[in-house]
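Trainee: All residue numbers in the sequence shown are consecutive under my numbering, ending with 309.
Glycine included, each C-beta is placed from N, C-alpha and C at the ideal position.
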Amino acid sequence: MSESYAFIGLGHLGGNLAASLVRNGFAITVFDRDPAAVERLVALGATAADSAAEAAARAGNAITCLPSPKVSEAVLAGPDGLLEGLPQGGTWIEMSTNGRDEILRLAALASAKGVETLECPVTGGVHLAAAGKITALVGGDAALYEHHRPAIEAMCAKSFLMGPVGSAAVIKVITNMLAFVHLVAAGEALMLAKRGGLDLAQAYHAVVASSGNSFVHETESQLILNGSYDIGFTMDLALKDLSFALAMGEQSGVPLELASRVNAIFQQGKATYGGGAWSTQIVKLLEDAVGTNLRAPGFPAKLEL
């Protein structure tokens with residue numbers, strides 16, 4: 005526990021990650037625009053700060069978990085941002101999802117101020133973050149990763165050093181692209197089962213035990229069958245991540261036909277339900293189109309371990 009950390013961004017994901025650090029005995033100073041989010045962490049044992057700069061100055065290192073590269077840049081380099089508080093030799097651990105170009109540009113801003121960067125986006129879902137069992141995808145210097153590994157492992161059950169800064173952004177975008185493709189496919193599969201006269205609960209379990217299974221089916225299909233759709237991740241965030249994947253495909257000359265079609269479906273989902281709707285509600289487009297709800301008893305409104 006030799007290092008202390010500022011933690012900025014206490015939303016669905018960040019709040020759970022910060023709570024894991026506190027539970028594991030780390031000294032954490034928190035800041036968020038939502039006072040209620042700050043209060044939740046203070047109740048667990050964190051210390052509150054009045055700005056990102058103040059939190060960073062107290063801790064000497066900073067962790068961020070934010071909704072977009074624009075917000076990450078404002079928190080890092082804007083007025084009262086992290087670079088106003090972090091000392092030379094401090095570390096910024098960026099757990100937000102960014103494109104490769106974005107994280108490289110932001111890491112360069114930090115480096116110009118003598119601050120080192122680890123990118124550390126996570127994958128697996130909010131429910132795994134709440135239990136400290138989410139997976140970290142890390143990009144950065146190997147020695148820096150080892151130095152901060154105790155904090156990363158306090159938040160994440162698994163971590164993979166993918167290479168230098170920028171590498172984690174690539175694999176994170178890939179994993180999210182796969183998840184959204186799997187989500188749309190899972191909805192279509194459940195609808196075929198429903199319209200084919202099958203018991204949906206039994207169909208769900210049969211797919212879990214089949215070659216067609218996916219992590220997304222195991223988890224998010226439960227929320228579809230319950231009807232809550234409450235995955236803690238929005239249409240806007242899904243579209244952000246899909247835009248990163250499509251840009252990467254264009255830059256690298258890889259045609260992403262499935263991802264392009266899924267992006268169009270999510271655009272339709274946002275237009276229909278709003279950008280703040282849960283990403284799992286993308287399946288509701290199909291339900292509404294064919295006039296058939298995908299519901300079965302015995303499935304939770306929220307994912308639990």
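Distance check for P304 and A335, CA to CA, integer angstroms please.
Mentor: Absent from the structure is residue 335, since the part of the chain shown begins at 5 and ends at 309.
Trainee: What residue from G295, D145 and A155 has the CA that sits closest to A10's CA?
Mentor: A155
Trainee: So within the stretch 10–68, which uninterrupted alpha helix (DSSP H) runs reach at least 4 residues, ignoring any that extend past its ends?
Mentor: 16–27, 39–48 and 56–63
Trainee: Put I175 into one of helix, strand or coil per three-state DSSP.
Mentor: helix
Trainee: Span of the alpha helix (DSSP H) holding F219?
Mentor: F219 to N230
Trainee: Could you please give the first and the last residue of the uninterrupted beta strand (DSSP E) stretch that includes K162?
Mentor: For K162, the enclosing beta strand (DSSP E) has its first and last residue at C160 to G167.
Trainee: So for T101, helix, strand or coil by DSSP?
Mentor: coil
Trainee: Just to confirm the assignment, what range does the alpha helix (DSSP H) spanning T276 have?
Mentor: E261 to Y277
Trainee: Which residue or residues does DSSP assign as beta-bridge partners of T238?
Mentor: W282
Trainee: In the DSSP output, which residue or residues are listed as bridge partners for V258?
Mentor: Looking at the DSSP assignment, V258 forms no beta bridge with any residue, so it has no partner.
Trainee: Which of the three DSSP states, helix, strand or coil, is assigned to E150?
Mentor: In the structure shown, the three-state DSSP call for E150 is helix.
Trainee: Are the CB atoms of A263 and G253 within a distance shorter than 8 Å?
Mentor: Yes, Cβ-Cβ distance for G253 and A263 is below 8 Å.
Trainee: E123: beta carbon under 7 Å from a heavy atom of the ligand PLP?
Mentor: Here there are no bound small molecules, and the ligand PLP is not part of this structure.
Trainee: CA-CA distance, N217 and F270?
Mentor: 22 Å
Trainee: Determine the burial state of L196: buried for a count of at least 16 other Cβ atoms within 10 Å of its Cβ, exposed for fewer.
Mentor: exposed
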